Structures are given as C-alpha cells and as structure tokens.
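Input: a single structure, listed below in structure tokens.
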Amino acid sequence: MLSKKDFVKINNYLWEIPKTYRKDMRAPARVYTSEKMLEDIFRDKSLEQLINLCCLPGIQKYGLAMPDCHEGYASPIGGVAAIRISDGIISPGMCLTKETKIFHPLGYWVPISEFQNGHLFDEITCLNFKVKKIQKTNLSRLWKLKANPSIIKVTTKTGRQVYATPDHPFYTPIGMRPLGKLNRGNTMAIYPYEGVPYKKVKDFILVTEKDIRKQWELLKQQERGKGLLQVINRLKFRNLLPLKSTSPASPVLLKIMGYLLGDGSMNFTNGRKRGRISFYGKKEDLLLLKEDLKTIGFTAFLQKRERNHTVRTIYREYQFKEIENSLSVTSSSLVLLLKALGIPIGNKVNQNFVLPVWIFKLPLWQKRLFLAAFFGAELTSPAVYKRHGFNFYASVLGINKSKKYLASGKKFLSQIAKLLNEFGVKTNKISQRKEQKNKNGQLSYRLRLIFSSQPANLINLWGKINYEYNQEKRLLANLAVSYMRSKQQFIKEKILSQRIRSRKGVINWEKRDERKLDKLIVRGGRGLSRPFVGQFPKFKEFIKNVTKGLGKSGAIWDEVSEIKKIPFKGYVYDFTVNHPDHNFVANNFVVSNCGYDINCGMKLLKSEYSEKDIKPYLDKLTTEIQKEVPSGLGRGRQIKFSIDQIDKILEGGAKRLVEQGYGEKEDIENCESEGRLEWANASAVSPHAKNRGRDQVGTLGSGNHFCELDKVEEIFDAEVAEIFGLFKDQIIIMIHCGSRGLGHQVCTDYLRTMIPAMQRYRIKVPDREFACVPFNSPEGQRYFSAMAAAANYAWANRQMIAHFIRKAWNLVLGEKASPLVALYDVAHNIIKKEKYIIDGKEMEVAVHRKGATRAFPPGHPEIPKKYQPWGQPVLIPGSMGTASYVLVGTKEGEEAFYSTCHGAGRTMSRHEAVRRISGQEVVRNLKQRGIIVKCFSMRGIAEEAPIAYKDIDEIVNIVHNAGLSKKVAKLKPLAVIKGE
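Just so we're aligned, residue 1 is where the sequence shown starts under full-length UniProt numbering, counting upward by one.
Printed below as a string of structure tokens:
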C-alpha cells in the first residue's frame with residue numbers, strides 16, 4: 001500500500017512517486033502539495049488513480065496532480081497528463097451484468113442480455129424526475145462490452161441486489177452516483193414492483209371473422225345493409241381480425257377486458273343499435289385507458305357529471321351525490337370483438353359468465369395484465385390495521401350476483417383463484433352475503449374472494465401482479481411491498497442480535513428451531529411483543545421517510561447494507577434511451593449513464609462599482625439573477641433551441657451567440673480560444689446529446705456550479721491587477737458551469753465506443769475505468785471533434801448566463817447600471833493539442849486537464865494581446881462562502897504543462913456533507929458573516945458546505961509558491977446563487 005515513504009521530495013511544494021514504484025508505470029507521478037496537505041491525499045483513491053494515469057500509452061514526462069486533487073472517475077480530479085499525439089491515446093473518462101432484470105411497461109422483466117436477440121423489447125421502464133412518475137421510454141441502442149477482472153455487488157436493506165461495474169451511475173438523493181462511489185449506509189432509489197419473467201407467447205387464434213359473424217347473429221343485429229361488413233373491415237383495418245394471442249393488440253385488450261369486467265359496461269344503444277362501451281373511475285386513471293384504446297385504433301371521450309345515487313341494502317337506504325368520471329367508446333366493432341373474447345354485454349349481475357378457456361393458455365405476464373386491470377377496478381386497496389398501523393388487512397375481491405346466477409359467480413372467482421395460484425398468491429375461501437336491492441326490488445348477493453393476509457402472500461400479490469388503471473392503488477402496493485420487505489429484514493437482524501421478544505417472553509435463540517424462525521420472518525412480526533412493534537415505524541411514518549423527493553412515483557429510498565467487489569470475467573450491458581432523464585429500471589434500481597462535464601469552467605464579469613455602491617441593491621440583485629438564470633438537474637426555462645441552432649452553437653461556440661446579440665465583441669476577445677474550438681464537428685455529437693442540450697443553454701446545473709457576487713478584498717500584484725481592470729472593493733461576478741447534460745452524454749456515447757475498440761487496438765490499461773483509443777485513430781479523432789463541440793457548447797452556456805446576469809443587473813440598477821465587462825473565461829475540464837520541449841525536442845501532445853486550469857505564460861500567442869506581456873488570467877473559485885482568486889500564468893509553469901489548480905477540491909462526499917450539516921445551518925452561518933445564499937434546494941446547499949472542501953487559501957498558496965501561477969487578487973463572496 002502506498003505511503004509517505006514512497007514519495008521523493010523535490011521541493012517544499014512538489015513530491016514525486018518514482019517510475020520504479022510499479023513496473024507498469026511509463027512515467028513518474030508528481031503531486032503539487034505542501035507537507036501539511038500531503039497527509040490528506042491518502043484519504044481517497046486519487047493517488048492510486050494518478051499512478052494508473054502514469055501507465056497510459058504515450059504519456060510524457062510526468063502524470064501530475066494539483067493540490068486540490070481528489071478521487072474522480074478513472075483519473076483524479078485535479079489531474080494533468082500530456083499524451084504524445086503520434087502514438088498516444090485519448091480518453092473521455094458501464095454497465096450491468098447479463099442477468100440484470102430490465103422492466104418493460106407491460107409488467108414483465110427480461111434479462112438485459114436478451115435485448116440483443118430481437119426487437120420485441122423496444123420499450124423499457126424509466127423514472128421521470130420532473131413529474132416524479134414511472135414512465136416508458138424507447139431504446140436507441142444496446143451496448144455489450146467485455147469487462148474484467150471485477151465488478152461490484154450491492155445488497156440493500158430490503159434485500160435487493162445488483163451486479164454492475166464501478167462506473168455505472170445509480171440514482172441517489174444527490175443525483176446519479178457511480179456505484180463505486182457508494183458506501184454502506186448510502187441510499188439508492190428502488191422501484192419495488194417485481195413483475196414476472198417474460199415468456200414467448202404461443203401462437204393461437206382468439207377471434208376469427210366467423211366468430212364476429214356469429215356474435216352479430218346472436219345479438220340479432222340488422223341483417224340488411226352493410227353493417228356487418230363494415231364491422232369486419234374496420235377490425236381488419238386495425239389489424240384486429242383475425243386476432244391472435246401474439247397480435248400486438250392482445251396485451252392491451254387483456255387490460256381492457258379486465259377493467260371492463262370490474263368498472264365498465266357494454267351495450268348496444270337503441271335506434272341504430274350502435275355498440276357503446278363505458279368505463280368508470282378517476283380521471284387520471286381513465287386517461288391511461290384512453291391512451292391504450294388509442295394504440296389499438298379507437299377514440300374514447302372523457303365525461304364528468306354529478307350523479308344522485310340511491311342504494312338500498314338489507315339494513316337501510318342510502319342516498320348520496322358524487323362526481324362521476326366516465327370514458328366512452330362508441331364502436332360496434334370493438335363491442336363485438338370483446339364479446340367474442342368472452343366479455344358479457346349488459347348487466348353483469350344478472351347473467352352467467354366465466355373466464356374464457358384461452359386465458360389459461362397464456363404466459364404469466366399476459367395473465368397478469370388481465371388480473372391487474374381487474375384488480376384496479378375491484379380489488380381492495382392495501383391498508384394496515386387502524387389499531388396499530390403495522391400489519392395489513394387481507395385483500396378482498398368482490399362481485400355482485402343475483403340469486404339465480406350465484407353458481408356462475410362462484411365459478412368465476414374460483415377461476416381467478418386458480419390464476420392467482422400460478423403467481424404464488426393464496427386465497428382462503430369465497431364468502432357470500434346478502435347485499436342490496438336494485439330498482440326493481442331484486443336482491444343481489446355479494447361474493448367475496450378473500451386472500452391470505454400472510455406478508456409473503458401479499459408481497460407476491462402486490463409485487464408480481466399489482467394494479468393497472470389505478471395509480472393510487474399501484475402506489476400503495478409498491479410502498480406496502482417495500483414496507484413488508486423492510487420489516488422482514490428488520491426481524492432477521494433482531495433475531496441475529498438475539499433481542500426479539502415474543503408475547504410469552506424472551507426467546508431462547510440457542511435452542512431455536514430454524515423453521516420456526518423462518519416462519520416468524522415470513523409472517524412479518526405476528527406474535528411478537530408490543531415493544532418490538534414499537535421499534536419499527538408504522539406504515540404511514542415509513543412512507544414519509546422513504547419517499548422524500550420521489551413524490552408519488554412509487555419509487556422509494558433503500559439503504560445499502562452491503563457493497564463489495566467480486567471477481568468477474570465476461571460481458572456487461574447497457575442502454576442508451578430516448579428520454580430526457582436518461583435512466584431506466586434494472587433489478588428494481590433506477591440507473592443511468594455516466595460521463596463528465598466537458599469544459600466545466602469559469603467566467604468573470606467586472607463592474608465599475610465598489611461594494612459601497614452596490615450594497616443597497618445586493619439582495620435585490622441576487623434575487624433577480626436567481627430568477628433570470630435557471631438552475632438544477634433538469635432542463636432550463638428561458639430559451640429552447642432547434643437542433644439546427646444547436647448544431648451552429650456546437651461549431652460556433654460563444655462567438656455564435658455574440659453574433660446573435662447575446663453579448664459584446666469583448667466577450668469573445670477575453671475568452672480562452674475566443675470561445676470556439678475550430679475543429680469541432682456537430683455531426684460527431686449524437687441526436688440524444690443534442691436533445692439534452694436544446695433547452696440547457698444559459699443554465700447553471702447542479703452540484704458545485706454557481707453564480708457569485710464578490711468584492712475584490714485584496715490586491716497582491718498591483719501592476720497586473722490594473723491591466724486586468726481590478727481594484728480594491730470592486731464588485732465582480734463569477735460564473736461556474738459547463739456543458740451540462742450534452743457534455744455528459746458525449747462522454748457516455750464515446751465511452752461505449754471506446755471500450756470495445758480498446759480490444760481491437762490491443763490497448764491494456766491497469767483500470768477498466770480507463771476507456772481510451774489511439775489519438776489518431778478514427779474513433780479518437782471523432783471523439784476529439786465531439787469533445788470540442790461540447791466545449792463550444794459550454795462557452796456558449798456561460799455566455800448566455802452572462803447575458804441573463806446583465807439583464808438582471810440593468811433591471812435592478814436601471815439608469816445607474818454600468819457595463820459588466822468580461823475579464824476572462826477559462827476551462828478546467830478539456831483536452832487540447834499543445835507544443836512543448838520534451839527531451840530537447842519540440843513535441844505536440846494532447847494535454848488532458850481534468851479539474852485543472854490552463855495557465856499560459858507572458859508572451860504566449862494563445863492569450864489576448866492586451867494580456868500577453870503579463871500572462872493569462874487564471875480564475876480559481878473557492879467553496880461556498882470562502883474566498884476565490886484571480887491568478888496569472890507564469891513561465892515556470894511549463895514544468896506542469898502550464899497547468900494549475902481549479903478550485904478547493906472536495907474532502908468528503910456530498911452524502912457525508914449532508915449527514916454532518918444541514919442546509920439551514922450553512923445558510924445561517926453564512927448570513928452571520930453577511931453572505932446571501934440563494935438556492936432552491938437546502939440539500940444542495942448542505943452538499944456544497946465549506947466543510948466539504950479543502951482550504952482554498954492553502955491551495956492557492958501552494959500553486960503560487962510552486963510557481964505554477966501567481967496571485968493577483970483575492971475575492972470575498974457577498975452573495976451566492978447555487979445550482980440545485
């Protein structure tokens with residue numbers, strides 16, 4: 001294991017791990033730090049990642065880590081590497097094992113490896129973060145990659161498990177996080193519905209033209225005219241005749257049949273005898289049914305009216321009013337088709353009907369569709385005993401029958417019980433009671449199929465079948481499944497710790513009967529003493545705790561109980577999906593893609609005002625800027641560009657926006673590469689990445705991205721400060737953000753291209769997280785042009801934010817407003833071609849700066865002419881509430897490929913920061929220091945608390961004393977606007 005003794009001290013601010021430390025190193029590893037901060041570097045895996053960086057093909061001189069370095073993806077954040085272009089590599093920076101279950105919107109699951117075998121599974125389930133609902137999404141691509149030598153296995157408190165590569169992101173309360181970054185005790189999003197496995201449907205005929213003719217005759221429809229022929233032709237036109245078990249419409253028809261048997265009716269109206277179908281329920285549920293009807297070619301109309309009801313029971317008469325929502329379809333062809341499938345026409349109470357024989361021939365997933373829709377209408381909702389809120393009532397399925405048809409009703413429920421048995425769901429008995437009298441005075445009977453209330457039984461019922469067309473019941477079922485699984489795990493843990501009491505006293509576990517203990521777990525705590533019951537939350541309390549931030553999606557937060565690396569050799573798989581939130585449900589976990597923020601960087605706007613001038617307007621300015629500049633994980637709200645416009649931004653960068661009136665000529669002059677990399681190629685960026693970026697131009701994003709109003713607190717170099725236009729107490733505005741979702745998607749897309757290509761180019765790396773290809777290969781050049789396009793997008797993003805800030809500035813200050821002038825805009829996550837003297841010869845290299853800032857010296861041709869005699873401005877932000885700095889590049893920095901730090905650098909995860917301090921506490925502490933904080937999320941503030949970062953003053957002193965860049969001015973924050 002690496003320790004301090006493995007370092008060679010070069011000077012007080014530079015340490016080296018020799019190339020001899022590991023035989024696969026191609027260059028030494030160098031760390032810029034102080035003696036004091038050296039100890040901090042061993043806290044995470046950043047040094048291990050730095051050593052791996054030094055093993056890459058083509059690396060020159062050293063692999064470098066800046067003093068703000070910390071663990072990243074593949075290489076450390078704060079890392080710098082110069083790779084020889086002639087024979088070196090280029091790198092942008094995941095996946096799941098073949099057994100991973102992927103959930104389809106029709107309720108079944110399929111191993112991810114099966115998706116390569118055909119187009120049957122073109123849709124999967126995902127979570128919409130904005131509306132907080134489970135939705136379906138189309139697939140755009142499946143990836144199959146070779147992975148070794150290990151993967152990560154995760155087990156949660158409710159017993160969920162998944163196997164995935166360390167880089168694969170999973171949804172957590174702080175957004176998507178790579179699996180390798182999670183620890184025991186962290187929480188992850190779980191969608192509890194378990195579904196059933198997909199099985200190919202056997203092909204057989206359900207309805208023929210002959211069957212439709214027979215139903216027409218039985219219903220004594222008009223014999224004259226072309227009515228029957230029209231019905232048949234309409235069904236054929238919609239590909240519903242002949243109807244097979246394998247027909248695309250069959251799954252939808254099964255759901256419609258199930259709901260219709262419960263809360264629906266079919267009739268032929270008087271006069272023209274046109275068929276009419278009506279469904280009843282809540283508006284939001286009927287809208288789902290309406291969409292399904294549309295997919296098979298039928299238009300339905302939603303209606304709402306107030307109804308007066310009179311119900312006569314054997315005890316008394318009840319009268320009440322209610323708002324009734326109904327969905328109606330007028331279609332003789334659909335009525336005849338459903339009748340041929342076995343659905344009764346007219347009053348279901350007063351006729352015989354049973355399940356059609358063909359339903360029993362279907363695979364489990366199709367039977368589930370019928371049952372779940374029927375249950376959405378007729379099965380009772382999941383509910384706990386009101387007395388203690390701990391165990392669930394038995395579910396009950398009821399139907400009404402008149403006395404003459406009781407035998408038919410009992411047979412129907414017996415058939416339902418038979419189907420349920422295939423899902424492992426047990427029922428007890430069919431009960432019968434007198435119910436009510438109808439308008440004609442006829443007495444009806446209530447037949448009830450009562451389910452076993454054992455937790456294991458209810459988990460099978462709600463976890464495998466659940467409900468369709470009833471979102472409230474579906475939500476409760478998902479939460480109930482998680483609650484019971486959590487409770488079973490809790491009991492198991494208590495058993496192992498020997499702390500459970502039965503109602504008869506303490507159980508002697510040394511003489512325990514394993515079968516009885518298993519039964520105790522399965523029963524979910526029945527028979528245990530009340531003190532135990534008090535140790536576990538009631539259902540209502542549980543729901544409140546596990547659904548924070550997830551709304552009524554049905555997803556819950558589950559705690560990691562075990563996470564470990566296990567040996568693995570084989571293929572892993574992943575998807576690209578056509579959904580703005582780019583995620584899907586795998587083994588019940590909500591997972592996503594990975595990548596990093598290309599050209600995350602800084603922009604500084606300077607004013608002519610001092611703190612004294614602006615102080616009266618400070619709060620209003622902060623509020624107005626927050627209003628103008630969208631922030632958060634999702635999309636923006638100001639401007640949405642077309643794909644053609646996005647292409648022009650990808651190739652034109654900030655320059656394109658300035659030409660469109662979103663800035664000044666000086667903005668381009670005072671920007672790295674004038675805000676545009678000329679080798680950018682919009683065609684190298686995927687349509688999915690472009691769609692993600694359409695409405696994110698001019699948005700901050702989440703995490704540590706911000707806008708900040710600062711004052712110049714201290715001047716270190718008066719001459720350079722004057723050239724930069726800085727003076728003491730001056731008000732300046734800093735912007736920190738990058739290429740948003742577009743840049744992340746570019747990385748994701750090319751990671752998956754590069755991993756299989758590495759095998760073709762026979763590139764061996766010490767860590768599979770390194771995805772790379774030869775720089776001059778077709779793949780390498782295409783990524784280089786796509787990365788440039790994403791970098792251009794990032795400069796355009798910061799330019800648009802500057803435009804919005806100027807708009808807020810002018811609105812608040814009015815006629816007093818002076819111009820906000822750009823000092824500089826610089827990237828700190830980018831790859832660029834540069835020339836250096838290496839081993840006595842000039843060499844062109846690709847400098848990978850990941851969390852490091854370019855710092856060119858005086859006289860360098862790539863910096864603005866007015867700054868050339870003094871050097872490039874370098875913008876270094878601190879953490880929230882701490883100082884930021886303006887530095888200048890130096891000639892001595894050539895030893896580090898003219899690179900310097902990029903910020904304070906994290907010392908703890910966002911999860912740990914939230915655990916240690918609340919957002920309210922951070923705001924209170926900063927307010928006491930006179931700093932305004934604006935953020936829509938208190939959690940977001942806690943994640944970026946100053947305690948989560950290194951000391952920025954010490955970081956800057958190191959790069960200053962090491963000669964990487966020199967201090968010009970220190971900035972003090974007055975107001976911070978955070979991304980969520």
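Virtual Cβ for every residue (Gly too), placed ideally from N, Cα, C. For clarity, every value in this text was computed on a predicted model and none was experimentally measured.
Item	Value
Cβ neighbours of K61 in the same chain (closer than 7 Å, five flanking residues each side left out)	A27, A82 and I838
Local conformation of F375 per DSSP, three classes	helix
Nearest-angstrom Cβ-Cβ length linking L240 and I151, presumed shorter than 8 Å	The pair is not a contact, with the Cβ atoms about 46 Å apart (cut-off 8 Å).
Backbone CA spacing between residue 995 and V396 [nearest angstrom]	With the chain represented from 1 up to 980, any question about residue 995 goes unanswered, as that position is not in the structure.
Cut-off 7 Å between Cβ atoms - residues of its own chain near F7, not counting five sequence neighbours on either side	W15, E16 and I17
Complete beta strand (DSSP E) runs within the stretch 127-212 (minimum length 3 residues, chain order)	133-147, 150-156, 161-164, 169-172, 175-178, 187-190 and 205-207
Per DSSP, cross-strand counterpart(s) of R448	G398 and S431
Three-state secondary structure (DSSP) of Q319	strand
Beta carbon of A846 nearer than 8 Å to that of G88	yes
CA nearest to the CA of S113, picked from M66, L96, C126 and L106	L96
Delimiting residues of the beta strand (DSSP E) encompassing Y824	V821 to A827
Contact between the stretch 875-894 and the stretch 732-746 (3+ Cβ pairs under 8 Å)	yes
E99 (DSSP reduced to helix, strand or coil)	coil
Close-in-space but distant-in-sequence residues of the same chain around N961 (CB under 6 Å, 5 per side omitted)	Y13
Per DSSP, the bridge partner or partners of L302	L327
Inter-residue spacing [alpha-carbon to alpha-carbon] between L633 and G175	At L633, the pLDDT of 47 sits below 50, so the modelled position is not reliable and the matter cannot be decided from this model.
Sequence-distant residues of its chain with Cβ nearer than 8 Å to S918 (five each side left out)	M938 and A942
E666 beta carbon less than 8 Å from that of V821	yes
Length of the line joining the Cα atoms of I805 and P819	11 Å
Short Cβ contact (8 Å threshold) for L106 with P197	no
Proximity to D717 [Cα-Cα], best of P873, K236, V349 and A796	P873
Rounded C-alpha distance that separates K648 from A682	8 Å
6 Å Cβ shell around E944 - same chain, five flanking residues per side excluded	N704 and M880
Reference L131; option with closest CA among A555, Q436 and R368	The question names Leu, yet the displayed sequence has Val at residue 131. Nearest of A555, Q436 and R368 to V131, Cα basis: A555.
Span separating the alpha-carbon of K711 from that of L971	6 Å
Bridge partner(s) assigned by DSSP for Q730	S610
Member of I450, R234 and L206 whose CA lies at the smallest distance from the CA of L253	L206
For V956 and T900, the rounded distance between their alpha carbons	9 Å
Burial state of P869 (16 or more Cβ within 10 Å)	exposed
Separation of T156 from K511, as counted between CA atoms	The pLDDT assigned to K511 is 43, lower than 50, so where the model puts this residue is not dependable; a value taken from the coordinates is nonetheless given after this. Near 30 Å, if we compare the C-alpha coordinates of T156 and K511.
Residues bridged to A477 (per DSSP)	Paired residues: none, contrary to the question.
Spatially closest choice to A788 from I41, R22, P92 and A65, by CA coordinates	P92
K565 burial status per 10 Å Cβ neighbour count (16 or more: buried)	exposed
Of the residues C671, Y193, G652 and Y617, the one placed nearest L605, counting alpha carbons only	C671
For E562, the first and last residue of its enclosing beta strand (DSSP E)	I556 to P567
Spatially closest choice to G363 from M266, L420 and A394, by CA coordinates	At residue 363 the sequence reads Pro, which differs from the Gly that was named. Of the listed residues, the one whose Cα sits closest to P363 is L420.
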